[in-house]
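>
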Amino acid sequence: MTQLGLTDAVRDVIRRDLLVALRRRADALTTVVFFVIVTSLFPLGIGPEPAVLRMIAPGVLWVAALLSCLLSLGRLFTTDYVDGVLEQLVLVPQPLTVLVGAKVAAHWLISGLPIVLLAPVLGLQYGLGGDVLGVLTLSLLLGTPTLSLIGAIGAALTLGVRGSHVLIALLVLPLFIPVLIFGAGAVTSYIAGIGVEANLSLLGACLMLAVVLAPWATAAALRIALE
Amino acid sequence: MSVTDINWFKYSSPQALYPLAGKLTPWFSALAVILMGAGLYIGLLLAPTDFQQGDSYRIIFVHVPAAWMSMFLYVVMALWAAIGLGLKARPSYMMAQAIAPTGAMFTFLALLTGSLWGKPTWGTWWVWDARLTSELILFFLYLGVMLLRTSIDDARRADRASAVFALVGVVNVPIIYFSVQWWNTLHQGASVSATAAPKMAAMMLLAMLIMSLGFWMYSIAVILARLRCVIREREERSSVAGQVERPVAVGGV
Amino acid sequence: MLDVVNLSCQRGERRLFSGLTLSVASGKLLAVSGENGSGKTSLLRMLCGLLPPEQGTIRWQGTPVGELGESYRGQFTYIGHLNGLKDDLTPLENLQFAARLAGVEATEAACREALQAVGLGPQIQRLPSGVLSQGQKRRSALARLWVSMRPLWILDEPFAALDDAATRSLTRRLEAHVKGGGIVVASTHQEIGVAPEFMQQARLAG
Chain A
20 MTQLGLTDAV RDVIRRDLLV ALRRRADALT TVVFFVIVTS LFPLGIGPEP
70 AVLRMIAPGV LWVAALLSCL LSLGRLFTTD YVDGVLEQLV LVPQPLTVLV
120 GAKVAAHWLI SGLPIVLLAP VLGLQYGLGG DVLGVLTLSL LLGTPTLSLI
170 GAIGAALTLG VRGSHVLIAL LVLPLFIPVL IFGAGAVTSY IAGIGVEANL
220 SLLGACLMLA VVLAPWATAA ALRIALE
Chain B
1184 MSVTDINWFK YSSPQALYPL AGKLTPWFSA LAVILMGAGL YIGLLLAPTD
1234 FQQGDSYRII FVHVPAAWMS MFLYVVMALW AAIGLGLKAR PSYMMAQAIA
1284 PTGAMFTFLA LLTGSLWGKP TWGTWWVWDA RLTSELILFF LYLGVMLLRT
1334 SIDDARRADR ASAVFALVGV VNVPIIYFSV QWWNTLHQGA SVSATAAPKM
1384 AAMMLLAMLI MSLGFWMYSI AVILARLRCV IREREERSSV AGQVERPVAV
1434 GGV
Chain C
21 MLDVVNLSCQ RGERRLFSGL TLSVASGKLL AVSGENGSGK TSLLRMLCGL
71 LPPEQGTIRW QGTPVGELGE SYRGQFTYIG HLNGLKDDLT PLENLQFAAR
121 LAGVEATEAA CREALQAVGL GPQIQRLPSG VLSQGQKRRS ALARLWVSMR
171 PLWILDEPFA ALDDAATRSL TRRLEAHVKG GGIVVASTHQ EIGVAPEFMQ
221 QARLAG
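Chains A, B and C supply the protein sequences, listed in that same order. All you need for this note's numbering is the position in the first sequence, starting with 1, plus 19. All you need for this note's numbering is the position in the second sequence, starting with 1, plus 1183. All you need for this note's numbering is the position in the third sequence, starting with 1, plus 20.
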């Protein structure tokens, strides 16, 4: 029997969450279906005018991605908290911040990545051109991991708390605003012909900052929740 | 840190704070009344009428100091939260708890006065001006801190969880502020800023400064009074639950 | 050597115990008894660092666990009230993940053997844990002790929901562990059948 290191632990945490998600496909699918339905509702509410749809598309797709992420956050730690797996995770002799990062990575693979991949298809409903769809996908690819990272803080803080579903939205949505602005802004500025570099760099900066700080805050919140 | 340090923070300090806060509150209240009275007198009666906006601009004597206080108090709250987490000091959490409602109140006041000012100035109650929008988000953050606290029954966990959120918020506030400004320039929505004060006469500046000082004193008075409520509330809860020391018998081997 | 000095515990507004001092030598099993709500679980959670003590110190081999930090977490196996099993994974998968996260590369054969030792045969090893009975789940969690290499075992009511065969099996395992110089701290309501010379008792008075 050999001693296993940090990378093994990270891989195992991700593998376990992916395996559980695979056995419980309905959960992950709910988020994706929600994303599809929300984006399809807007044309029905606003009307099929192509110019209007093209104009609102970046905002609508981004807000829908944001809400889907919010919807899936409840699952991030709750089941682990209830069945005691979280307790065991905290006691693993590896830095909890890194293990939390692994859990967030798994969460993004399960509920963020499908949205990134679906967005260009749904963008077609709004009459977006090929290059715009590319920018949209790129912005989501850079932005949704940040949403998962920030969301994890809210999920950890509201663990086992009364009315946590509503509370988590209240805590997390204001913190999502910069990502929403830069993400939807990238697409909008591309359509307006202003160039996307600035917005995408800012999205990247948000991601870097979130990668450094969010797991730390999440780990602290988890320890508080488990006391 | 030795055990006695923790003891001092946990038990002696709130008991020492309680009478101190009680003694200081009337003084700060009196100062608040005097300064706010003077500020309003200068602002409403002595300061000259603005040639563009008429008398409606005078709301800035409330709006601007309220906006300042709202941001300042959030930082102070986060600071107490950080001290609480760092030193495991209960009184710091109590301070953070006492500050939140006053901060939220000033944020709301800034939003309300901003909106009241918008109506005569731009003919609309709400403009998506960068600063007003940031103020709105700040209001959400205050609500988050307060609701998170009230949703958690265990006082210790409530203290620490809301402290973590306050700190997360304080890291985010500058980013949010920047992003909202960025968004504003991208969309060129409102060309006039709600708080871009007109060229200020010395008298206006004086009124604004005195009002700010008055708000400061008011905040201190209210926060100290609320701190007393928090201390008493917690002590009542713990005495009801029974501080009875349970004897422990440990049999060896 | 596990030392507890002057430990106090407060949950919410309630003082559970204070001034608790005890010491468990290597090769001993400490049985912690006491009424419901006397703080047994809190004491065990403090021992593994899930719950910071209100007051007092816990020492492992003479060093306060606060100073040991992460490396202390590599010294013990904790099985709490919750089994720590994912309902969607099989007992075998659960055990393998638990062992690997504990830092031990446990082979599939070793894990199967461990599950067999707690009476979970090859048929049951293939079922999702969610469909198992309470007793089977508990045994599935306890199987971690058969692959654990850690010197200190902290167990919360390990015998609850176990049948006679599983109880005997666990007792033998615990005895083997303390005979090999390990330490066990277990909260329990019943007598533990380990030979008296290995036993220590502590009672939390309610």
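Built from N, CA and C at the ideal position, the CB exists for glycine as well. Note that the structure is predicted; figures quoted are calculated from it, not measured.
How would you call Leu60 (chain A), buried or exposed, if buried means at least 16 neighbouring beta carbons within 10 angstroms?
Leu60 (chain A) should be labelled exposed.
> Evaluate Val1375 (chain B) with the Cβ neighbour count: other Cβ atoms within 10 Å of its Cβ, from every protein chain shown; 16 or more gives buried, anything less gives exposed.
Its pLDDT being 44, under 50, Val1375 (chain B) is placed unreliably in this model, and the coordinates cannot settle the point.
> Please report whether the beta-carbon of Asp1342 (chain B) lies at a distance below 8 Å from any beta-carbon of chain C.
No, Asp1342 (chain B) does not count as interfacial toward chain C.
> In three-state terms, what does DSSP make of Pro72 (chain C)?
Coil, per DSSP.
> For Ala175 (chain A) versus Ala125 (chain A), is the C-beta spacing smaller than 8 Å?
No, the Cβ-Cβ distance between Ala175 (chain A) and Ala125 (chain A) is not below 8 Å.
> Can you check whether the C-beta of Gly86 (chain C) is within less than 8 Å of a C-beta belonging to chain B?
No, Gly86 (chain C) does not count as interfacial toward chain B.
> Looking at the unbroken beta strand (DSSP E) that takes in Asp23 (chain C), where does it start and where does it end?
Start and end: 22 to 31.
> Would you call Thr1159 (chain B) buried or exposed, if buried means 16 or more other Cβ atoms sit within 10 Å of its Cβ?
Chain B is shown only over 1184 to 1436; residue 1159 (chain B) falls outside these bounds and no answer can be derived.
> Counting Cβ pairs, one atom from each stretch, are 3 or more of them under 8 Å apart for the stretch 66 to 81 of chain A and the stretch 56 to 65 of chain C?
Verdict: no, contact absent.
> Check the C-beta distance from Arg120 (chain C) over to Asp27 (chain A) and give it rounded, since I have them as a contact under 8 Å.
Sure, about 7 Å apart at Cβ, within 8 Å.
> Apply the 10 Å Cβ neighbour rule to Trp1399 (chain B) and answer buried if 16 or more other Cβ atoms are within range, or exposed otherwise.
Flag for Trp1399 (chain B) reads buried.
> Note down, in chain order, each residue of its chain lying with its Cβ closer than 6 Å to the Cβ of Asp176 (chain C), except the 5 sequence neighbours on either side.
Taken in chain order, the residues that qualify are Thr61, Leu64, Gly100, His101, Ser207.
> Does Phe37 (chain C) come out as helix, strand or coil in the three-state DSSP assignment?
If DSSP states are grouped into helix, strand and coil, Phe37 (chain C) belongs with the strands.
> Please determine if the stretch 102 to 113 of chain A and the stretch 87 to 97 of chain C are in contact, where contact requires at least 3 C-beta pairs separated by less than 8 Å.
Yes, the stretch 102 to 113 of chain A is in contact with the stretch 87 to 97 of chain C.
> Taking the alpha-carbon of Gln221 (chain C) as reference, which of C:Ser149, C:Val44, C:Trp173, C:Leu109 has the nearest alpha-carbon?
With distances taken between Cα atoms, Gln221 (chain C) lies closest to C:Val44.
> For Ser207 (chain C), name the three-state secondary structure that DSSP assigns.
Ser207 (chain C) falls in the strand class under three-state DSSP.
> Would Pro1430 (chain B) be called buried (16 or more neighbouring beta carbons within 10 Å of its own) or exposed?
Any reading at Pro1430 (chain B) must be qualified, since the residue scores a pLDDT of 39, below 50, and its modelled position is unreliable; the value itself is stated next. So Pro1430 (chain B) counts as exposed.
> Can you name the residues that DSSP bridges to Trp173 (chain C)?
Paired residue(s): C:Thr97, C:Val204.
> Does DSSP put Arg146 (chain C) in a helix, in a strand, or in coil?
Residue state, collapsed to three classes: coil.
> Using a cut-off of 8 Å between C-beta atoms, extract the partners of Arg42 (chain A) located in chain C.
The contacting residues are Asp108, Leu109, Pro148.
> What span of residues does the alpha helix (DSSP H) with Gln107 (chain A) cover, start to end?
From DSSP, the alpha helix (DSSP H) with Gln107 (chain A) extends over 104 to 109.
> Going along the stretch 1310 to 1333 of chain B in order, which residues come within less than 8 Å of chain A, judged by CB to CB distance?
So the list reads Ile1320, Phe1323, Leu1324, Leu1326, Gly1327, Leu1330, Leu1331, given in the order they occur along the chain.
> What are the residues in the stretch 81 to 96 of chain A lying within 7 Å of chain C by C-beta distance?
Listed by position, the residues of the stretch 81 to 96 of chain A near chain C (Cβ gap below 7 Å) amount to none.
> Which residues in chain C sit within 9 Å of Leu155 (chain A), going by Cβ to Cβ distance?
What Leu155 (chain A) touches in chain C: nothing, since even the nearest Cβ is about 34 Å away.
> Please give me, in chain order, every unbroken run of the alpha helix (DSSP H) with length at least 4 that falls completely inside the stretch 1294 to 1338 of chain B.
Runs found: 1313 to 1334.
> Using 8 Å for Cβ pairs, my map puts Leu147 (chain A) next to Ala76 (chain A). What's the rounded Cβ distance?
Contact holds; Cβ gap of about 6 Å.
> Measuring CA to CA, which of B:Leu1294, B:Ser1212, B:Ile1359, B:Ile1414 is closest to Ile1242 (chain B)?
For Ile1242 (chain B), the nearest C-alpha among the options comes from B:Leu1294.
> If we count Cβ pairs, one from each stretch, closer than 8 Å, do we get three or more for the stretch 1358 to 1370 of chain B versus the stretch 1303 to 1318 of chain B?
The stretch 1358 to 1370 of chain B, when compared against the stretch 1303 to 1318 of chain B, does touch it at the 8 Å Cβ threshold.
> Kindly list the residues whose CB is nearer than 7 Å to the CB of Gly1397 (chain B), restricted to its own chain and excluding five residues on each side of it in sequence; keep chain order.
Cβ neighbours of Gly1397 (chain B) beyond the five flanking positions: Ala1215, Leu1218, Met1219, Gly1222.
> Report all residues from its chain with a CB closer than 7 Å to the CB of Ala229 (chain A); omit the five preceding and five following residues, and keep chain order.
Counting only Cβ-Cβ distances below 7 Å, and skipping sequence neighbours, we find Thr165, Leu168, Ile169.
> Using the Cβ count rule (16 or more neighbours within 10 Å means buried), how would you classify Arg94 (chain A)?
Buried, since its Cβ has 16 or more Cβ neighbours within 10 Å.
> Of the choices A:Thr50, A:Gly66, A:Val29, A:Trp81, whose alpha-carbon is the least far from that of Phe201 (chain A)?
Nearest option by C-alpha distance: A:Trp81.
> Which residue wins for smallest C-alpha separation from Met1254 (chain B), given the options B:Ala1349, B:Ala1204, B:Ala1272?
The shortest C-alpha separation from Met1254 (chain B) is found at B:Ala1349.
> Decide if Leu182 (chain C) is buried, meaning its Cβ has at least 16 other Cβ atoms within 10 Å, or exposed.
Flag for Leu182 (chain C) reads buried.
> Over the uninterrupted beta strand (DSSP E) stretch that includes Gly54 (chain C), give me the two end residues.
From DSSP, the beta strand (DSSP E) with Gly54 (chain C) extends over 49 to 54.
> Per DSSP, which residues does Asp1233 (chain B) bridge with? Please list them.
Bridge partners of Asp1233 (chain B): B:Gly1237.
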